[in-house]
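Following: one structure in structure tokens, then a few remarks.
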Amino acid sequence: MGSVLLAMILLPLVGAVFVLVMAKRPDVVRWTAIVTSLAALALSLVVLANFQTTSPDRLADEVMSPQMTLQANWLEFNVGAEHPIKIEAYLGIDGLSLWLVVLTTLLVVSSVLVSWTAVTDRVAQFYAWLLVLETGLLGVFCAFDLILFYVFFEFTLIPLFFLIGIWGGSRREYAAGKFFIYTLTGSLLSLVGLIALVLAVNHNNPDVFTFSIPQLAQEIRTQMAGPEEMRAFWRITQFWVFIALFAGFAIKVPLFPFHTWLPLAHVEAPTAGSVLLAGVLLKLGSYGFLRLALPLVPHAVATVGVPLVAILSVIGILYGAFCALTQTDMKKLVAYSSVSHLGFCMLGLFALNAEGIAGGTLQMINHGLSTGALFLLVGMLYERLHSRQFDDMGGLAGRLPIFAFFLVFISLSSMGLPGLNGFIGEVLSLIGMFKLHPVYAVIGAGGIVLGAWYLLSMLQSTLFGPKRDIPAHHHLTDLNGREVAALAPIAILCLVIGVFPRPFLNTMKPEVDAIAAIYQQQPATARNVMAIPAIAKLESR
Amino acid sequence: VEAALQSVFDSAWTIAPELVMVGIATLLVLMGSYLAMGTASERHAAGRLCTFISLIALGVPLVWLVAWGSPGPAEPLANAAFIDDPLARIIQPASLVVGLIILVLMRQRLNEKYPAEHLACLVFIIAGLNLVASANDLIALFVSLELVSIPTYILLYLARPDARAMEATVKYFLLSVFSSAFLLYGMSFLMGSGGSTNLAVVSESLRQATGMVSVGMLQVALVLVVAGLGFRIASVPFHFYAPDVFQGTTMPAAALLAVVPKIAGFVALLRLVWSVMLESQLAPDFASLGTYGAAVLAGLALLTMTVGNVLALLQTSIRRLLAYSSVAHAGYMLVGLAVPGANLVPNGAQAVLFYLLVYSIMTLGAFGVLLMIKKQNRSIDLVSDVDGLGSTHPFAAVLLAVFMFGLTGLPPTAGFWGKFNLFVVAWSSGSLTMRLLAVCLAVNAAIAAWYYLRLVKYAYLNAPANDVSAVPGRQAPALYGAMGLCAVAALGIFFFPNVLMSLLGGLGLG
């Protein structure tokens, strides 16, 4: 099955090359792009269908157990040394990345559809970069080797730089440059941290000189259980490694004072770029914390990470929400809402218990769906009005009923209405954090109220109120079939996750429990995600 | 004297390819006097003939070395002046490839009056570089380095007959002579301490302290040698000539200056400093030399990369930008050099050489791209000259993007592994200084990203400039082919790093 993963990752790249060959014929280019992205989606569904929730060969105390693995030596350097430095092309998938992969392939399909008429300049290059970006994103989620992870992580900068820089808004060059440099600076420091971690493991146990994430997680766990001087060594090392990882991932998430690149990049990016930026790219940061920081540097996460990240997340939740409240530009509002929503996700992950981690992981998917869809809607409206200012909107519900339906539906999902997806993620995250530090959870919960406030006032100033007599409003046409096709799957998924969260939580349960078990003395099975009353009540409806 | 001469004779077979190259180059110079006259078409034919001869002079040794290895003895004598060791086996073919690429670049701007002299200088320089790679003796090393330097002066002088080129040449000449004096003075201290000009003997005597030599003398030697070679690798504070000379001379000559002296300098530093003075098995009396040397090199590295990058940020001329970027890269490589110890995986020498080769490919590529395009009446100089290249000359723009991302160190280019190796080396050394230096390297790489990205931004995001034209591929197939190969190498080494890593395997372990 590993070859399916590889095919899924490489397929968009092949599509991109084909698109460039066909550059002279925009129609062929568009159809190639949609066929390629649909094929990638189909492959991700094959992966989903073949995914085994309880892997039979999982060992009792294994931290990570990727499935459908594919391993090949990439860089091996062993002359003169007994134990070679070994970097692998190590692909796989597990419960934490499974849904993110599906989310990525789904959002790329929507991005291709929404750009169909919006992008007319250098069409072939646009779709080529979009597909290359998909390869990069899928690669990050399927990488189980530190360096492979990092390579894909950093590689995503290049396609997004061009997407924002060439097809973006009026300040595109500045936005693209700032985004690129900001994230690169952080991730270079992370690279030093990752190397330091591998060398530290090797220092204690010369037999292990690997970059494989599961192997490292296991080895660090063993070493942490060792004698006191070993533990003292790791306490110091983990602190520094965590700081380095934090530099890269906190910028990507983004956490509060590191978020300044985000509103700019989101607003200037073309619709497809914003969708993938908000929907998937920001998840690289939180996924990085989940995949690398939580299992690899547990001590630093528990001591330094929790207060640091929780405080910054809480500030981000409130700050992002207040910023969103004051915006007059619809796209900026959605961009700031991302800062706020990602705060919930981070609160969940850093609750370090099964509820929180499951909630945080689910919140990544939810945010990808709702914010991705919100950016799609903003883009569709912009294509019609050529404006994103609330002053130019109002009373659109009467003129664009289908659009209004989707906007209301997605906004409700984004603000966490029970029965839709946002609710489960936020509640689980907050419950998790409440168990650890009630204060953060209580303050963070205030963000939900603010979220309802700014999203409802957005709905009010765009859709509701009397029809306005603006020339631009007279000849508006409602969403066409292509646009509905871009939105409908996302909306359906929002509803499905909201009503039946169990299958989603079940697939990630073994991995979530394994990570939570690192932080708890009692066996992981004692804490059952499904035993949470809130969920049980929801499902009984 | 007799012993010294004997040691050269002993290694006559080892340096046979270089002797042949020097012979051919001499022949070219002789031919030059007859070729300089004649009509335009005759001069044109003469230029082609000279190019062909240089191609033979560089290509045949390359094929020979790759196919059959060095013609020297299989077990080199330890006291030979030139030896065929792992370092030489890597650098010699690489330097011939570099020479061939520069030949292709020079072909683009061949000096009409003195084609033979022009190309002869190139062959001399590459022969000198090959000799530097195999030199095992202080005097042989110095003479080889001069064989690189002296033709460079002529090349710079011949390149362009205007005042700016003259200024550049004089600047380079004076500073180069000055630095050679430093180097020679440093070598004399080293010889005094080691009791011989032969590096193997010097190394051996540093392992067994005799009590006659104080470590202070070696420290002086180290500082002087590093200062002398610092000029060649363009490290701060010996870098002042670089931007002026790069801007004042022709594009191919600037490409040569960015790559060849850097290879020569780093190879000499590896031979003299890394494997002799920073060695881990130094006698107890000299043990402090290792820490001292590492500190000197680490300080130099920090200074060089930071100053290079910050000044590169301020440039509006591409050539000055590339000059400062070459300064910054010297700083990165000094990080690897400052880590002693051959038993690390990878060790400092391996990391430096990997970086050096990758850097050479990408820098030559960057200069090659600038030769592909032409502003009306002048060659490319300002950063804004590449405006909109992505839509007007897509091929050149793609290559430029690959090389710029490569110099930044982004995946998927070989530059990523270059930086990766340096990080690993600096961190695995275990010293706090080196670890801080690794962090500084990361920050510097991010600063550098800004100005490399700026070129990509101009090429793809700006509106095209009308008066920039490209040299069509039909007229310069060699240039297009060579640049294409450079790009393929820059990307290919990323996906298959083992190809290069395995070549570096035995390095620094003997």
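So the sequence lines, in the order shown, correspond to chains D and S. First residue of the first sequence: 55, per this note's numbering; consecutive thereafter. First residue of the second sequence: -1, per this note's numbering; consecutive thereafter. Glycine included, C-beta positions come from ideal geometry on N, C-alpha and C.
Per-residue contacts from residue i into chain S (C-beta, under 7 angstroms)
{"i": "D/A326", "result": "Simply none; closest approach about 18 angstroms."}
{"i": "D/F131", "result": "V343, P344 and M499"}
{"i": "D/G339", "result": "The contacting residues do not exist; D/G339 stays about 17 angstroms from chain S at best."}
{"i": "D/G470", "result": "What D/G470 touches in chain S: nothing, since even the nearest Cβ is about 37 angstroms away."}
Euclidean distance between Cα positions of residue i and residue j
{"i": "S/G184", "j": "S/V223", "result": "5 angstroms"}
{"i": "D/I63", "j": "D/A197", "result": "11 angstroms"}
{"i": "D/T210", "j": "S/L173", "result": "44 angstroms"}
{"i": "D/F296", "j": "D/P213", "result": "28 angstroms"}
{"i": "D/A94", "j": "D/P66", "result": "7 angstroms"}
{"i": "D/L530", "j": "D/S164", "result": "22 angstroms"}
{"i": "D/I586", "j": "S/P495", "result": "For D/I586, the predicted structure reports a pLDDT of 45, less than 50, and the residue's modelled location is therefore unreliable. A value from the coordinates is still provided. C-alpha separation (whole angstroms): 50 angstroms."}
{"i": "S/L453", "j": "S/V381", "result": "7 angstroms"}
{"i": "S/A321", "j": "S/M249", "result": "12 angstroms"}
{"i": "S/A296", "j": "S/V422", "result": "15 angstroms"}
{"i": "D/L191", "j": "S/L47", "result": "53 angstroms"}
{"i": "D/A506", "j": "D/L253", "result": "48 angstroms"}
{"i": "D/A588", "j": "D/W128", "result": "Any answer about D/A588 is weak, because its pLDDT of 48 lies below 50 and its placement is not dependable; what the coordinates show is given next. D/A588 and D/W128: Cα-Cα distance of roughly 47 angstroms."}
{"i": "D/W315", "j": "S/S186", "result": "56 angstroms"}
{"i": "D/A326", "j": "D/D81", "result": "18 angstroms"}
{"i": "S/G416", "j": "S/G407", "result": "7 angstroms"}
{"i": "S/Q374", "j": "S/A468", "result": "10 angstroms"}
{"i": "D/F300", "j": "D/S244", "result": "7 angstroms"}
{"i": "D/V173", "j": "D/P324", "result": "9 angstroms"}
{"i": "S/A79", "j": "S/G67", "result": "18 angstroms"}
Option in the options with minimal Cα separation from residue i
{"i": "S/L487", "options": "S/G404, S/Y112 and S/L435", "result": "Here residue 487 of chain S turns out to be Ala, not Leu, going by the sequence shown. Nearest option by C-alpha distance: S/G404."}
{"i": "S/L332", "options": "S/L255, S/M303 and S/A252", "result": "S/M303"}
{"i": "S/D379", "options": "S/S324, S/R317 and S/V95", "result": "S/R317"}
{"i": "S/G126", "options": "S/Q90, S/T289, S/V102 and S/P410", "result": "S/Q90"}
{"i": "D/M512", "options": "D/L396, D/D445 and D/E116", "result": "D/D445"}
{"i": "D/N420", "options": "D/H529, D/L559, D/L533 and D/V83", "result": "D/L559"}
{"i": "S/L255", "options": "S/M104, S/I88 and S/A468", "result": "S/M104"}
{"i": "D/M469", "options": "D/G219, D/V538 and D/L396", "result": "D/L396"}
{"i": "S/A394", "options": "S/R107, S/V466, S/S191 and S/P235", "result": "S/V466"}
{"i": "D/A103", "options": "D/T561, D/L335 and D/V246", "result": "D/T561"}
{"i": "S/P462", "options": "S/A38, S/S389 and S/N341", "result": "S/S389"}
{"i": "S/I99", "options": "S/P149, S/I124 and S/V469", "result": "S/I124"}
{"i": "D/G498", "options": "D/S483, D/P308, D/L510 and D/Y508", "result": "D/S483"}
{"i": "D/L517", "options": "D/I478, D/Q121, D/R453 and D/P557", "result": "D/R453"}
{"i": "D/F195", "options": "D/L251, D/V168 and D/L336", "result": "D/L336"}
{"i": "S/G21", "options": "S/C119, S/A38 and S/S9", "result": "S/C119"}
{"i": "S/A232", "options": "S/G246, S/V257, S/P113 and S/N464", "result": "S/V257"}
Where residue i meets chain D, residues with beta-carbon distance less than 7 angstroms
{"i": "S/A436", "result": "V246"}
{"i": "S/N496", "result": "L129 and E130"}
Anticipated Cβ contact below 8 angstroms, residue i with residue j, distance rounded
{"i": "S/W290", "j": "S/Q217", "result": "In the sequence under discussion, the amino acid at residue 290 of chain S is Tyr, which differs from the Trp named in the question. The pair is a contact, with the Cβ atoms about 6 angstroms apart (cut-off 8 angstroms)."}
{"i": "D/G342", "j": "D/G240", "result": "With a Cβ gap of about 10 angstroms, D/G342 and D/G240 do not count as contacting."}
{"i": "S/A131", "j": "S/V265", "result": "5 angstroms"}
{"i": "S/S286", "j": "S/F229", "result": "Contact flag wrong, Cβ pair sits at about 27 angstroms."}
{"i": "S/L276", "j": "S/P338", "result": "4 angstroms"}
Under 8 angstroms by beta carbon: chain S residues contacting residue i
{"i": "D/I212", "result": "F403 and L408"}
{"i": "D/F216", "result": "Y458"}
{"i": "D/A250", "result": "W425 and R433"}
{"i": "D/V503", "result": "Residues of chain S passing the Cβ test: none, with the nearest at roughly 39 angstroms."}
Amino acids of chain D, ordered along the chain, whose beta-carbon sits closer than 8 angstroms to that of residue i
{"i": "S/L451", "result": "F215, G231, F234 and I235"}
{"i": "S/V422", "result": "I139, I249 and L253"}
{"i": "S/K455", "result": "G219, E227, A230 and G231"}
Chain-ordered chain S contacts of residue i [CB-CB under 9 angstroms]
{"i": "D/L243", "result": "V437, A440, V441 and A444"}
Completely contained alpha helix (DSSP H) runs for the segment 411 to 479 of chain D, where each covers 4 or more residues
450 to 453 and 455 to 469
Practice task
Ignoring anything shorter than 4 residues or poking outside the segment 502 to 559 of chain D, list the alpha helix (DSSP H) runs there in chain order.
Solution key: 525 to 528 and 535 to 553
### Message
I'd like the ranges of any beta strand (DSSP E) spanning at least 3 consecutive residues and lying wholly in the segment 336 to 415 of chain S.
### Response
DSSP runs (the beta strand (DSSP E)) wholly in the segment 336 to 415 of chain S: 371 to 373.
#### Entry: Uninterrupted alpha helix (DSSP H) stretches inside the segment 429 to 493 of chain S (no shorter than 4 residues)
Every unbroken stretch of the alpha helix (DSSP H) spanning 4 or more residues and falling wholly within the segment 429 to 493 of chain S is given here in chain order: 430 to 459 and 475 to 493.
Note to self: Going residue by residue through the segment 124 to 182 of chain D, where are the continuous alpha helix (DSSP H) segments of at least 4 residues, counting only ones entirely within it?
What the structure shows: 149 to 168
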